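Peer 1: 36 is the number of the first residue of the sequence shown in the working numbering; add one for each residue after it.
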Amino acid sequence: MKRGLWIGMLLGLITGLLIMHSAAPLRAQVSANYDLSWNTIDNGGVMCSIGGSYQLSATLGQADADARSTSSNYALNPGWWNINAPTCSAIYLPVVLRT
36 MKRGLWIGML
46 LGLITGLLIM
56 HSAAPLRAQV
66 SANYDLSWNT
76 IDNGGVMCSI
86 GGSYQLSATL
96 GQADADARST
106 SSNYALNPGW
116 WNINAPTCSA
126 IYLPVVLRT
C-alpha cells in the first residue's frame with residue numbers, strides 16, 4: 036500500500052480512539068437544583084410542539100406506567116400519548132401547480 040494511505044488510516048484510528056476515550060468521563064450533570072445522575076428518559080413525548088415554521092409530535096423512551104409527578108413548576112404525565120397534551124391546529128397550505 037502507499038505510504039499516504041497508511042498514514043491516513045493510522046491517523047483515523049488514533050482519532051477514533053481519542054474520541055471513544057474522551058466520552059468515558061461524560062456523565063449526567065448534578066447541580067444544587069437538579070440531580071440527573073440516576074434518572075433515565077422513560078415515558079416522554081409530545082403530541083404538538085410548534086415553534087416558528089416547525090411542528091413536532093414525538094415519543095421517546097420506554098413506557099413505564101406510573102402516577103403523575105408534580106412540583107411547584109413542573110408536571111409530568113406518564114404515558115406514550117398523554118390525554119392532557121394539546122392538540123395541533125391545522126395549517127392551510129395551498130399547493131399551486133403550473134403546467
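Using N, Cα and C, we set each Cβ at its ideal position, and we do this for glycine too.
The structure presented is a predicted model; accordingly, all values stated were derived computationally and were not measured.
Look at the alpha carbon of Y127 and the alpha carbon of Y109, and state the distance between them as a whole number of angstroms.
Peer 2: 33 Å
Peer 1: What is the DSSP secondary structure of T134, reduced to helix, strand or coil?
Peer 2: coil
Peer 1: What residue range is occupied by the uninterrupted alpha helix (DSSP H) comprising S57?
Peer 2: R38 to S57
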